[in-house]
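Worksheet for the structure shown next.
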Amino acid sequence: MHPRPHRRDRARSGLTRRQLLGAGLVAASTPALAACFNGGTGAAEDTVYGQPSGDVPDEFRDRQRVVLWSNWTSHNAEVLQRNIDAFHEAQTDIFCEIQIFEGYDNVESKLAASLQAKQVPDISVLSDVVWNRFYLNEALEPLTGYFDENFGTDAFHEKFIAEGTVKDDVWWVPFGRSTPLFYFNRDIFADVGLPDRAPETYEEYRDWGIELKGYRRNSTDVAMRAYSGTDDWYFQGSSWAFGGGYSDGLDMLFTSEETIAALEYDRAFIHDDGLGYLAADPTGDFISGAAATLLQSTGSLTGIDEAAEFEYGCGFLPQQATTGVPTGGGGLSILRYASDERKQAAWEVLKFLSTGAASVDWTLGTGYLPTTKAALESDEVRQKADENPNYQVAIDQLEIAQGPDVVRRYVPECVPEANSVIQAVYSGGNDPESALTTMQSNLEPAIDRIRSQYEERVEG
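Under mature numbering (1 follows the signal peptide of the UniProt record, and there is no 0), the residues of the sequence shown are numbered -34 to -1, 1 to 426, in order.
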């Protein structure tokens, strides 16, 4: 049975030291990850793993405890805790403890180790390129049967809920989703005589960069773009825009003429034309005026809006042969090896965070895209879009966005390999074709390792 709301209890707010330090398990190592992603969990379907240790305030001792592992820190962590506090006040049966591991990668490593240790959280935040791997290894709970007439899959934006669905079952519910946007400094564009908009194509972007070249502001040369060498998310999108991609199913496309052309564009933009550079902090450089443009997450809108001392605009990512907008961000999954009582309580937490005032508060408080139709159509979100048209751009661009290619989603080695390649090209001007050919060769054993699981769990 679903727990029903009863009298209000006063929930404790704030983040404890234990929440920040995590669940008390030893840090995951590479062997732990390899073990998880090479052989599955090896557990029977009715196996129940223990729950991580933690803190339960005295006022919640009689409630069912749910442990939620999160990647979010600082402001976003406070917004999430605020909504969990509201959940505690809305009912008297469940207590949810958030345990934080900074960044998606740390959550992934910790979760892989927890499966080996047979001690798992009940809910975990997982990124769009991580949850699939735990699904492949049968570590996630199918969620379709938990939905009902009051909270169905149709509550979510079709694009987002589809990304978390495999073989007609939902395994990952969208929460904290984003796309990259094209940010531009309106003051600099006006000084140079560029149009007050984002470029329509990558070729137009290059042409505008050439017009900007030599421009100085506050006695400093201004570059057209500051690049990040540790974010292949952008390259996934530009590879599509040029007509290529990472993969078609498990068939890699890194050595296709179109994918090579996408990376060659960036190499030439930086090293031949001198229009960009590899930056330690591209967002900071955009805010300081050192770079005229930025390709960055919609989740950066709030921070840029607060920090920028100039007029800025946002537009869709440039096109080339076609569009190339990747979705990103996180979602919530329930762990298969929690007990039935823990899983049912975890579902109540997930449902609360995804509906009503909590979903609106999360959207407005973090800047992430609204993932439910109710949040998207709420007066509060509509007002925000009216007040800041840049936020409406993010919502509109979602219609042409798409989820990551299969190899990026299911092969753990893909993202670090891609980051290594783009950093070498951005910083050293390495030949894109040679770098991508080596990357494809390096990934072949990793793809062979998961092929049978993928064919059975996804295609079969």
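Just so you know, even glycine gets a beta-carbon here, dropped at the ideal spot from N, CA and C.
{"Asked": "Span separating the alpha-carbon of Phe252 from that of Asn151", "Found": "8 Å"}
{"Asked": "Secondary structure of Ser75, DSSP reduced to three states", "Found": "helix"}
{"Asked": "Counterpart residues of Asn151 in DSSP-defined beta bridges", "Found": "Tyr278"}
{"Asked": "Straight-line Cα distance separating Tyr101 from Asp59", "Found": "29 Å"}
{"Asked": "C-alpha distance - Ile414 paired with Leu216, whole-angstrom precision", "Found": "Here residue 414 is Asp; the residue named in the question, Ile, does not match the sequence. In a straight line, the C-alpha of Asp414 is about 9 Å away from that of Leu216."}
{"Asked": "Reference Ala256; option with closest CA among Ser205, Gly180, Tyr212 and Asp327", "Found": "Gly180"}
{"Asked": "Sheet register partners of Gln285 (DSSP bridge)", "Found": "Thr167"}
{"Asked": "Bridge partners - Gln368, DSSP secondary structure assignment", "Found": "Pro292"}
{"Asked": "Beta-ladder partner(s) of Ile60, from DSSP", "Found": "Gln30"}
{"Asked": "Leu241 - DSSP class collapsed to helix/strand/coil", "Found": "coil"}
{"Asked": "Beta-bridge pairing of Val91 - partner residues as DSSP gives them", "Found": "Leu298"}
{"Asked": "Ala(-3) - DSSP class collapsed to helix/strand/coil", "Found": "The pLDDT assigned to Ala(-3) is 44, lower than 50, so where the model puts this residue is not dependable; a value taken from the coordinates is nonetheless given after this. Helix."}
{"Asked": "Distance CB(Ala390)-CB(Ala401) smaller than 8 Å", "Found": "yes"}
{"Asked": "Cβ pair Val86, Ala304 closer than 8 Å", "Found": "yes"}
{"Asked": "CB-CB length for Asp71 against Ser213, believed under 8 Å", "Found": "About 21 Å; that fails the 8 Å criterion."}
{"Asked": "Expected contact under 8 Å - CB spacing of Tyr168 and Leu261 to nearest Å", "Found": "No, Tyr168 and Leu261 are not in contact; Cβ-Cβ is about 11 Å, not under 8 Å."}
{"Asked": "Rounded separation between Leu316 and Ser93 - CA only", "Found": "16 Å"}
{"Asked": "Outcome for Glu410 when other beta-carbon atoms lying within 10 angstroms are tallied against a minimum of 16", "Found": "exposed"}
{"Asked": "Ile176 classed as buried or exposed, judged by whether at least 16 other C-beta atoms fall within 10 angstroms", "Found": "exposed"}
{"Asked": "Reference Gly203; option with closest CA among Val22, Ala189 and Glu224", "Found": "Glu224"}
{"Asked": "Supposed close pair Gly16, Glu63 - CB separation, criterion 8 Å", "Found": "At roughly 15 Å, the Cβ-Cβ gap does not stay under 8 Å, so Gly16 and Glu63 are not in contact."}
{"Asked": "Distance CB(Ile388)-CB(Asp198) smaller than 8 Å", "Found": "yes"}
{"Asked": "Identity of the residue in Glu346, Glu25 and Glu307 nearest Ser325 by Cα", "Found": "Glu346"}
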